[in-house]
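Enquirer: My structure is below; once you've seen it, I'll send some questions.
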Amino acid sequence: MSTIAEQQPVVTSMEEWSCPLPLRDYPSIVMGHGGGGQLSAELVTHLFRPAFAPGDTSALTDSTVLMLPGQRIACTTDTFVVQPLEFPGGTIGSLAVHGTVNDLAMSGARPLVLTAGFILEEGLPMAQLARIVHDMARAAREAGVRIVCGDTKVVERGHGDGVYINTSGIGVLDDDVHIAPDRATVGDVVLVSGSIGDHGMAIMSQREGLEFETAIISDSAPLNGLVEALRTAVPDVHVLRDPTRGGVATSLNEIAADAGVGIMLEEQALPIRPAVRAACELLGLDPLFVANEGKLLAIVPADAANTALSSLRSHPLGTDAAIIGEVVTDHPGMLVARTGLGARRVITMPIGEQLPRIC
Amino acid sequence: MKYLTEFRDGEIAQRIATEIRQVTTQPWAIMEVCGGQTHSIMRNGIDQLLPPEIELIHGPGCPVCVTPLEVIDKALAIAATPGVIFCSFGDMLRVPGSDRDLFRVKSEGGDVRVVYSPLDAVSLARQHPNRQVVFFGIGFETTAPANAMAVHVAKREKLRNFSMLVSHVLVPPAIDAIMRSPVNRVQAFLAAGHVCSVMGFWQYPMLASTHQVPIVITGFEPLDVLEGIRRTIAQLERGQHTVENAYARVVTFDGNRPAQELLEQVFTVSDRAWRGIGIIPNSGWRLSEAYRDHDAEYRFDVTGIHTQESALCRSGDVLQGTIKPTSCSAFGAQCTPRTPLGATMVSSEGACAAYFNYGRTVQLQRAGSAR
């Protein structure tokens, strides 16, 4: 619907935002905010544009024209329906940026621009929408991407969950980048960039009102910088994957199936925060299946394993990185873990989402 | 984590396993009663540390597995009733009834909610006085005290909109039934530690002497399970059949007396059907007469629902260790983890599901290509 022309990002913080006059008449979203009339325009002019393209006063057009460097373009799309909308470590807004930026980064692309589609529920507090939008803008600035166009629709109360956000993203790839799951080769080493299960358990403990001695904070973060650091140290990274929904176990199962290789995981080597481990014990969940939003799995040639590990560890988002397994000839298509007792267990894909166990 | 990490030590586990190998001189079949123990065995690969002579038979101690199809169908009927808030432990949602599961009911508009405690369901009843709140009260003696407390609190507070669909099962009658089976192969039991933390183990000496079978109260962490097996094998090799408590940090002979008193007040022992096994006399609890107003079976008039288990399914034979899952003609064909016919394929730690996943005889359909 609206477009926002190219503009250098300007730092604004959420605290500085106070509800501008036209929006102040509406403390919450009404159907008219999606109607394409004055109310829609006010939302764009006073909320979305100042957040995503501060200082930009160019005319709004039907589409944005982009100039992209290079020939190889990566594009992806993702939709975000998380509840609660605001959680320790982020909001649905920053999550929508990180999710799409990370999907681009996992193919080795340099993320450049995002689009943002909002589905708002009638009655959503304007202040909450502003917090989400500004958190989204902050996340985009930190990830070095621009939000270049967007759209807003409003659905009747009861027909949505406050806010749904869709982001699509475009990135560019160098000619020599070949990162794909089927490049996992026998002998390769599997690394994870840090502790697993943080995002999923942060959301779940917030949702279920569980409290622990140390709060569990979502790891939601943009991984493009970390990928760049890794690829500078190890140009021939074979596979990258961000283990979001379904967790590390699902991602590694997919890679094993795609490449027709076996993956052997060392359970003892998995970095898991004590609070996450405790919450999983309590709810009967396996951290291997819990979502991450700021971690990557990397599969690299064995001789590059230590270089990869130290390059991850020297980046702020990879300080807890670890080597967690290897690609093997045995059990092709399957993920097998060596347990703490030195035995082996097959880790299969869950059928649906993980359910808390009764016993 | 305190009380967990120290019971997961790999080196000590190897030491106990070595000791077990040293004392084992002949084949033995041991049943671990509880689904939690089966889960621990699978998850840690404990069976792989044992000598080939020791066979672990996974017992009927998974509440998800043994809840009969008929009870699931009753739950589905109640959950689909307009105005009802149906509360359940999470893993019951995917257990299939005759033609659907609770997830399906939810997608069709039923208000189905996952709770972590039956008392959460009581709170919902307080918050929604104009709606019927039903809790799906299943499980063994372990989950029973909280369920009993929920009904007790509801009655005390006169929360007439709270009721419970009860399908409780009891361990000692199941052990008795297994030992009386003409095809029984079980020679010793690892009794369920959490059940005994509530009930104590005063019921077990009689069982051990009647059936001349060693019973070792066993916990759930790897070292607990290995220690339970070690003590069981030691008894078997010496020809003994006593009750031992290998989970003394949690279990006492008497158990939790106040909980037992509440259970006696709220529940009455009754015959129960076990999925895949059939009716075992006096093997369950139903709500006692005094609490009948809170019995969902009567409130929603589902007593007329009667469902037959699949004739193809041989999970009863699998549960008793008389056949391996792969010997069943439905295995991997009509019966898979996505379309389970019986108890042992329903739960991820059921014997059939474990065989299915390990053998991968049928490739699971990958769900879509979107990440």
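Going down the list, the protein sequences come from chains A and B.
All residue numbers in the first sequence are consecutive under our numbering, ending with 427.
All residue numbers in the second sequence are consecutive under our numbering, ending with 448.
Even glycine gets a Cβ: it sits at the ideal position worked out from N, Cα and C.
Near B:D178, which residues of its chain fall below 7 Å by C-beta distance, leaving aside the five closest residues on each side in sequence?
Expert: Excluding residues within five positions, the ones whose Cβ falls inside 7 Å are L170, R171, V172.
Enquirer: Tell whether a beta-carbon distance below 7 Å holds between A:E361 and A:H166.
Expert: Taking 7 Å as the Cβ cut-off, A:E361 and A:H166 qualify as a contacting pair.
Enquirer: Which residue comes first and which comes last in the beta strand (DSSP E) that contains B:E109?
Expert: B:E109 -> beta strand (DSSP E) spans 105-111.
Enquirer: Whole angstroms is fine: what's the gap from B:T158's alpha carbon to A:L197's?
Expert: Roughly 36 Å between the two C-alpha positions.
Enquirer: For B:I123, which residues in chain A fall below 9 Å Cβ to Cβ?
Expert: Ordered by position in chain A, the residues that pass the 9 Å Cβ test against B:I123 are T407, L409, A411.
Enquirer: Going by C-alpha to C-alpha distance, which of A:T397, A:N170, A:K221 sits closest to A:E210?
Expert: Nearest C-alpha to A:E210: A:N170.
Enquirer: May I have the straight-line CA-CA distance separating B:E130 from B:R315, to the nearest angstrom?
Expert: Taking the straight line joining both Cα atoms gives about 16 Å.
Enquirer: Quick check: is the beta carbon of B:R334 nearer than 7 Å to any beta carbon in chain A?
Expert: Closer than 7 Å: no.
Enquirer: Give the straight-line distance between the Cα atoms of B:N333 and B:T220, rounded to the nearest whole angstrom.
Expert: Taking the straight line from one Cα to the other gives about 13 Å.
Enquirer: If you draw a straight line from the C-alpha of B:P414 to the C-alpha of B:Y432, how long is it?
Expert: Distance between the alpha carbons of B:P414 and B:Y432 is about 11 Å.
Enquirer: DSSP three-state label for A:I187, please.
Expert: Of the three classes helix, strand and coil, the one that applies to A:I187 here is strand, per DSSP.
Enquirer: Identify, in the order they occur along the chain, each residue of the same chain with its Cβ nearer than 6 Å to the Cβ of A:R341, setting aside the five sequence neighbours on each side.
Expert: Only S263 meet the Cβ criterion.
Enquirer: What residue range is occupied by the uninterrupted alpha helix (DSSP H) comprising A:Y232?
Expert: Careful: A:Y232 lies outside any alpha helix (DSSP H), inside the beta strand (DSSP E) at 231-241.
Enquirer: What does the alpha-carbon distance come out to for the pair B:T144 and A:A283?
Expert: Going from the Cα of B:T144 to the Cα of A:A283 covers about 37 Å.
Enquirer: Counting pairs of beta carbons, one from the segment 183-198 of chain A and one from the segment 294-309 of chain A, are three or more of them closer than 8 Å?
Expert: No, the segment 183-198 of chain A is not in contact with the segment 294-309 of chain A.
Enquirer: Would you mind stating whether B:A198 and B:V192 have Cβ atoms separated by less than 7 Å?
Expert: Yes. Within cutoff.
Enquirer: Which residues of chain B have a Cβ atom closer than 8 Å to the Cβ of A:T183, listed in chain order?
Expert: Here the premise fails: no neighbours, minimum Cβ distance about 18 Å.
Enquirer: Less than 7 Å between C-beta atoms, sequence neighbours within five positions excluded: which residues of the same chain meet that for A:P193?
Expert: Closer than 7 Å at the Cβ level, and outside the excluded window around A:P193, lie P95, S96.
Enquirer: Which residue marks the beginning of the alpha helix (DSSP H) containing A:G161, and which one marks its end?
Expert: From DSSP, the alpha helix (DSSP H) with A:G161 extends over 160-173.
Enquirer: Check whether the Cβ of A:T168 lies closer than 7 Å to any Cβ atom in chain B.
Expert: Answer no: the Cβ-Cβ gap between A:T168 and chain B never drops below 7 Å.
Enquirer: Can you give me the C-alpha to C-alpha distance between B:L201 and A:P122, rounded to a whole angstrom?
Expert: Straight-line Cα distance between these residues: approximately 46 Å.
Enquirer: Would you say B:R307 lies against chain A (beta-carbon separation less than 7 Å)?
Expert: Cβ-Cβ to chain A under 7 Å: no for B:R307.
Enquirer: Where do the ends of the alpha helix (DSSP H) carrying B:P222 lie?
Expert: Residues 221-233.
Enquirer: In the DSSP assignment, what residue or residues form a beta bridge with B:I155?
Expert: DSSP lists no partner for B:I155.
Enquirer: Short of 6 Å in beta carbon distance, which residues of its chain neighbour A:M332, apart from the five on each side in sequence? Order them along the chain.
Expert: If we look at A:M332 and ignore the five residues flanking it on each side, its Cβ neighbours are G393, E394, V396, V404.
Enquirer: Using DSSP with H/G/I as helix, E/B as strand and the rest coil, what is B:A447?
Expert: Model confidence at B:A447 stands at a pLDDT of 32, short of 50, so the residue's coordinates are unreliable; what they give is reported in the following sentence. It is coil, neither helix nor strand.
Enquirer: Check whether the Cβ atoms of B:V302 and B:P222 sit closer than 7 Å, and answer yes or no.
Expert: Going by C-beta atoms, B:V302 is not nearer than 7 Å to B:P222.
Enquirer: Mind pulling the chain A residues with CB within less than 7 Å of B:A90?
Expert: Within chain A, the residues near B:A90 are L409.
Enquirer: Taking DSSP as the reference, what is the three-state secondary structure of B:G216?
Expert: Three-state result, B:G216: strand.
Enquirer: Could you work out which residue in A:Y232, A:A346, A:A184 is closest to A:G218 when comparing CA atoms only?
Expert: It is A:A184 whose Cα lies nearest to the Cα of A:G218.
Enquirer: Does DSSP classify B:M256 as helix, strand or coil?
Expert: Note: B:M256 maps to helix in three-state DSSP.
Enquirer: For the structure I just gave you, are there three or more beta carbon pairs, one from the segment 311-319 of chain A and one from the segment 229-246 of chain A, closer than 8 Å?
Expert: Cβ pair count under 8 Å is below three, so no.
Enquirer: Using a Cβ cut-off of 8 Å, pull out every chain C residue sitting near B:R352, in sequence order please.
Expert: Protein chains A and B are contained in the structure displayed, whereas chain C is not.
Enquirer: Between B:P299 and chain A, is the shortest Cβ-Cβ distance under 7 Å, so that the two count as touching?
Expert: So, interface residue.
Enquirer: Quick one: which chain A residues come within Cβ less than 8 Å of B:N434?
Expert: Going along chain A in sequence order, the residues near B:N434 (Cβ under 8 Å) are V414, T416.
Enquirer: I'd like to know whether the C-beta of B:G398 is nearer than 7 Å to at least one C-beta of chain A.
Expert: So, not an interface residue.
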